[in-house]
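This report refers to the structure that appears directly beneath it.
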Amino acid sequence: MTVKRRNERFSKAIPTRIWKEEATAENPFTSQSCSCYGYDLMDLMKNRSFIEVLYLMLRGELPNPAQSELLEALMIALMNPGPRHPATRAAMNAGVGKTDTVHILPISLSILGGKHLGAGEIEDAMRFFRKMNKSKAEDVYNKILKERVPPNEGDWRPVPGFGSRFGDIDEMPRQFANYLKSLPGAGKSLSWGSKLADTVKPLKIGWLTTGVAAAVFSDLGFHPRDCAGLFQLLSSPGLLAHGLEMAKKPITAMPFLSDEEYKIEKTL
Amino acid sequence: MKKHYDSLGFWEGCRGKFASRKGGWQIGKGVFSHGYNMMEDLVGKVSYFQLMILHATGYLPDRRFADWVEASFICMSWPDSRIWCNQIGALAGTAGASVVSATTAGILAGDSRIYAQKTLLEGMEFIQRTLAKKKSGHSVRDLVLNECAKHGGKPQLMGYARPIAKGDERVRAMEKVTEQLGFSIGEHLTLAYEIEEVLLQEFDESMNINGYSSAFFSDQGYSPQEAYQFCAILVASGVTACYLDTYDRPPETFLPMRCEDIDYQGPPPRPVPPREE
Numbered sequence: 446m447t448v449k450r451r452n453e454r455f456s457k458a459i460p461t462r463i464w465k466e467e468a469t470a471e472n473p474f475t476s477q478s479c480s481c482y483g484y485d486l487m488d489l490m491k492n493r494s495f496i497e498v499l500y501l502m503l504r505g506e507l508p509n510p511a512q513s514e515l516l517e518a519l520m521i522a523l524m525n526p527g528p529r530h531p532a533t534r535a536a537m538n539a540g541v542g543k544t545d546t547v548h549i550l551p552i553s554l555s556i557l558g559g560k561h562l563g564a565g566e567i568e569d570a571m572r573f574f575r576k577m578n579k580s581k582a583e584d585v586y587n588k589i590l591k592e593r594v595p596p597n598e599g600d601w602r603p604v605p606g607f608g609s610r611f612g613d614i615d616e617m618p619r620q621f622a623n624y625l626k627s628l629p630g631a632g633k634s635l636s637w638g639s640k641l642a643d644t645v646k647p648l649k650i651g652w653l654t655t656g657v658a659a660a661v662f663s664d665l666g667f668h669p670r671d672c673a674g675l676f677q678l679l680s681s682p683g684l685l686a687h688g689l690e691m692a693k694k695p696i697t698a699m700p701f702l703s704d705e706e707y708k709i710e711k712t713l
Numbered sequence: 014m015k016k017h018y019d020s021l022g023f024w025e026g027c028r029g030k031f032a033s034r035k036g037g038w039q040i041g042k043g044v045f046s047h048g049y050n051m052m053e054d055l056v057g058k059v060s061y062f063q064l065m066i067l068h069a070t071g072y073l074p075d076r077r078f079a080d081w082v083e084a085s086f087i088c089m090s091w092p093d094s095r096i097w098c099n100q101i102g103a104l105a106g107t108a109g110a111s112v113v114s115a116t117t118a119g120i121l122a123g124d125s126r127i128y129a130q131k132t133l134l135e136g137m138e139f140i141q142r143t144l145a146k147k148k149s150g151h152s153v154r155d156l157v158l159n160e161c162a163k164h165g166g167k168p169q170l171m172g173y174a175r176p177i178a179k180g181d182e183r184v185r186a187m188e189k190v191t192e193q194l195g196f197s198i199g200e201h202l203t204l205a206y207e208i209e210e211v212l213l214q215e216f217d218e219s220m221n222i223n224g225y226s227s228a229f230f231s232d233q234g235y236s237p238q239e240a241y242q243f244c245a246i247l248v249a250s251g252v253t254a255c256y257l258d259t260y261d262r263p264p265e266t267f268l269p270m271r272c273e274d275i276d277y278q279g280p281p282p283r284p285v286p287p288r289e290e
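Chains as they are written, first to last, in the working numbering: chain A, 446 to 713; chain B, 14 to 290.
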C-alpha cells in the first residue's frame, strides 16, 4: 500500500479559553496586557491571592472564601512529601550529585507521578469517591475490603487513596483529613472518606495523603483527569527545597551503601 | 480477616541494605549484570541493544533480535519537528534548554495513549487476545468487525491505520529487516496480516508499525510489559535531532507567534469582583 496524505483539518491557530494577550501597537509579537478568563492580570495581582488565581486558572472562576481556605490548607498539607518519600529522595540525589539545578523539579516530579503515594493515584482515587460516595462506608467494607486479600509483603492498598503505610495507619493524612473536614468548604468526599477511614480502622488501614488530596479536589469540583498535575504542583516546594539543600553539600552528605550492605543475589 | 504481618520486621529487614536481583559493582571484584561479568563477558562482545534488552527483561537476547529492535528504533526516530514528541525537542531547543532536558522530555511524551512506546502495551495485548479468540474458533473477520463496533464502527484498532497518512512505509522497511535477519512469520504476524486484509477490504486501512512490531515481539515470546520496557527510549534520537535543529538558531525562532495567533475562546474582559466576606 502506498502512503497517502489524509488531509485531516488541523487548527490554524492554538485555541484556549484560559489566557488572552493583547499586542502592543508597535510589535504584534509582544503583549501589553494579559487576562485570565477575562480578568486582567494586573488587577488580579493587586486584588487577589495566589491561591485564588491558581483556582481561577484551573477552574475558570474565582473561588469563594470557603473554597479558597480549603485549597490553601491542602496546599500546606501537601507542600512537602518529606525527605523519606522517593520523589524527595530523587530530588536530593539530583542535588547532591551536582545535577544541574534546573533538573531538580522535572526529575522529582517524574517520580512523584508514580501510583504509590503519588500523582498516578489521584485520578483513580477521585473516581473511587465519585463511584462510591452514594454507598455507605460499611457497605464498601463488607463488599470490597472483606473480599480482598492483603499481600504477604509490603503495604495493603485495597482501594485508591486508602491503605496502610509501613503496616499501619498513616497518622499525618488522618490529621490532615480531620482538620480539612472541619472547614466550611469541605464537602461530601471528605466526609465520606472520613467515615470509610473510621470503618476500616480495625484493619490497620486508613487515609493516605493521596486520598486526602483526591477528596479535597473532588469537593472543590475538579475533574479527576485534571488533578494528577495539580498534586505534583502542590508538592513541588518541598521537592525543590530538599534538592537545593543537598546541592550545596558534598557528595558524601548522603549515604552510599557499602558492598556488605549491597548484595548481588545473582552472580556467575 | 488475617493480618498479613504483625511486626515491622519486613521493613526493618530492608532498612540500610539492598539485595539486588539485577547486579552491581563489587569494588575491586568487577561489575556484574544478571550473572554476567560486564567487563569480561559483555563489553566488546554484545551490542548495546542486546544489553538494553537484557536490562529491560532479565534475558540476553541473540544479536539477531537486538538488531531487529535497533532497526525498529530507526523507524521511530524521524527528525521531523511536527511530530509531537519531536516538537517538544524543538521547543526545548528554541528555549535554550539542555539536550538532555529535550531528549528526556520527548521520551516522556512517548508515554502516550496514541503513539510511541506506550502504545505497544495495547497493541500487543490486542494481538495476543485476538489470537487466543481465533484459536478458540472465531473468524478473524468477525473479531475485527466486533472490535470496530466498539469504536462506533471505525477501524480504531491499535496497530492499524494511523493519523496524518494512510499506509505506513515503516512496515515495508521492517519486513525487509525480518527477511534479511532470517526470521520466519509466526502466528501473531500471520494474524496481523489477516486483520489487515479485513481492514483493507472494509475500510481501505492497513497495518502500521505498532501492529507489525506488536505481532513480531509477540511471536518472539515477549510480553507487552517487556516490550514496553525495552522500547522505553524508542523516540529519543529523533527528539535530539529536532532539538539541535532549533538550538543552533536564535531563541524563539521556532514558529514564533503573534498575540493574535492564539485563538482565545474564553470569557470577555470583566472586572475583578470584590472579595466575598
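No residue lacks a Cβ here, since even glycine has one placed at the ideal position from N, Cα and C.
*Every unbroken beta strand (DSSP E) within the segment 476-540 of chain A, with a cutoff of 3 residues, ordered by chain*: 476-481
*State yes or no: is the beta carbon of Ser476 of chain A nearer than 7 Å to at least one beta carbon in chain B?*
yes
*Any C-beta of chain B sitting closer than 7 Å to the C-beta of Leu713 of chain A?*
Residue confidence for Leu713 of chain A is low, a pLDDT of 42 falling below 50, so the modelled location carries little weight and cannot support an answer.
*Going straight from the alpha carbon of Lys58 of chain B to that of Glu83 of chain B, what length do you get?*
17 Å
*Taking Tyr225 of chain B as part of the alpha helix (DSSP H), name the residues at either end of that continuous run.*
222-232
*So which residues on chain A does Ser111 of chain B lean against when the C-beta distance must stay under 9 Å?*
Asp545, Val547, His548
_At the level of alpha carbons, what is the spacing between Arg126 of chain B and Pro695 of chain A?_
Whole-angstrom Cα-Cα distance: 42 Å.
*Who are Ser90 of chain B's beta bridge partners in DSSP?*
Bridge partners of Ser90 of chain B: none, in fact.
_Listed by chain order, chain A residues near Gln100 of chain B by CB distance under 9 Å_ = The contacting residues do not exist; Gln100 of chain B stays about 12 Å from chain A at best.
*Contact set between Phe611 of chain A and chain B, taken where Cβ atoms lie within less than 8 Å*: Leu21, Trp24
_Once the 5 residues before and after Arg76 of chain B are set aside, which same chain residues still bring their CB inside 8 Å of it?_
Cβ within range, chain order: Val59, Ser60, Gln63.
*Step through the CB atoms of chain B and report whether any lies within less than 7 Å of the CB of Gly483 of chain A.*
yes
*asked:* I'd like to know whether the C-beta of Ser33 of chain B is nearer than 7 Å to at least one C-beta of chain A.
replied: At least one chain A Cβ lies under 7 Å of Ser33 of chain B.
*Under 7 Å between C-beta atoms, does Ala115 of chain B make it to chain A?*
Chain A, which has no Cβ nearer than 7 Å to the Cβ of Ala115 of chain B, makes this no.
*Leaving out five residues on either side along the sequence, give the residues of the same chain with a beta carbon under 7 Å from the beta carbon of Gly136 of chain B.*
Met171, Gly172, Asn223, Gly224, Ser227
*4 or more residues per run - each alpha helix (DSSP H) lying fully within the segment 74-132 of chain B*: 76-88, 97-107, 112-122
_Same chain, Cβ closer than 7 Å to Ala698 of chain A, five either side skipped, listed in chain order_ = If we look at Ala698 of chain A and ignore the five residues flanking it on each side, its Cβ neighbours are Val541, Met691.
_C-beta neighbour in chain A for Cys27 of chain B, strict 7 Å_ = Interface with chain A (7 Å Cβ-Cβ cutoff): Cys27 of chain B is excluded.
_DSSP beta-bridge partners of Ser33 of chain B_ = According to DSSP, which records beta bridges pairwise, Ser33 of chain B is partnered with A:Ile709.
_Chain-order list of residues whose beta-carbon lies under 8 Å from that of Leu713 of chain A (same chain, five-residue window excluded)_ = Unreliable placement is indicated for Leu713 of chain A, whose pLDDT of 42 sits below 50; the coordinate value is still reported in the next sentence. Here the set comprises nothing.
*Would you tell me roughly how many angstroms separate the C-alpha atoms of Gly656 of chain A and Val184 of chain B, rounded to the nearest one?*
45 Å
*If you draw a straight line from the C-alpha of Lys649 of chain A to the C-alpha of Gly606 of chain A, how long is it?*
14 Å
*Got a sec? Which residues, its chain only, sit under 6 Å from Val157 of chain B by beta carbon, not counting five neighbours each side?*
Only Ile208, Val211 meet the Cβ criterion.
*asked:* For Thr475 of chain A and Ile567 of chain A, what's the separation of their Cα atoms in angstroms?
replied: 38 Å
*Three-state secondary structure (DSSP) of Met14 of chain B*: Residue placement at Met14 of chain B is flagged as unreliable, the pLDDT there being 43, under the threshold of 50; the coordinate-derived value follows with that caveat. Coil.
*Would you tell me roughly how many angstroms separate the C-alpha atoms of Pro460 of chain A and Glu583 of chain A, rounded to the nearest one?*
It is roughly 46 Å from the alpha-carbon of Pro460 of chain A to the alpha-carbon of Glu583 of chain A.
*Using Cβ-Cβ distances below 8 Å, what residues of the segment 180-192 of chain B are close to chain A?*
Gly180, Asp181, Glu182
*Run the proximity test for Ala522 of chain A: is its beta-carbon closer than 6 Å to any non-hydrogen atom belonging to the ligand GDP?*
With respect to the ligand GDP, the structure shown offers nothing to examine, as it has no ligands at all.
*Tell me whether Tyr277 of chain B sits in a helix, a strand or coil according to DSSP, three-state version.*
In the structure shown, Tyr277 of chain B sits in a strand (DSSP, three-state: E or B).
*Would you mind working out which of A:Trp601, A:Glu471, A:Asn525, A:Glu592 sits nearest Pro682 of chain A, comparing C-alpha positions?*
A:Asn525
*Flag this pair as touching only if the segment 548-564 of chain A and the segment 528-539 of chain A have three or more C-beta atom pairs under 8 Å; answer yes or no.*
yes
*Quick one, which residues of the segment 138-163 of chain B are near chain C if we go by CB-CB under 7 Å, in chain order?*
Any reference to chain C falls outside this structure, whose protein chains are A and B.
*Cβ pair Gly651 of chain A, Ala642 of chain A closer than 7 Å*: yes
*Would you call the segment 87-96 of chain B and the segment 511-528 of chain A touching, i.e. three or more CB-CB distances under 8 Å?*
no
*What residues from chain A crowd round Gly251 of chain B, counting only those whose CB sits closer than 9 Å?*
Correct list: empty, because the minimum Cβ distance to chain A is about 18 Å.
*Straight-line gap, Asp600 of chain A to Arg593 of chain A (C-alpha atoms, nearest Å)*: 13 Å
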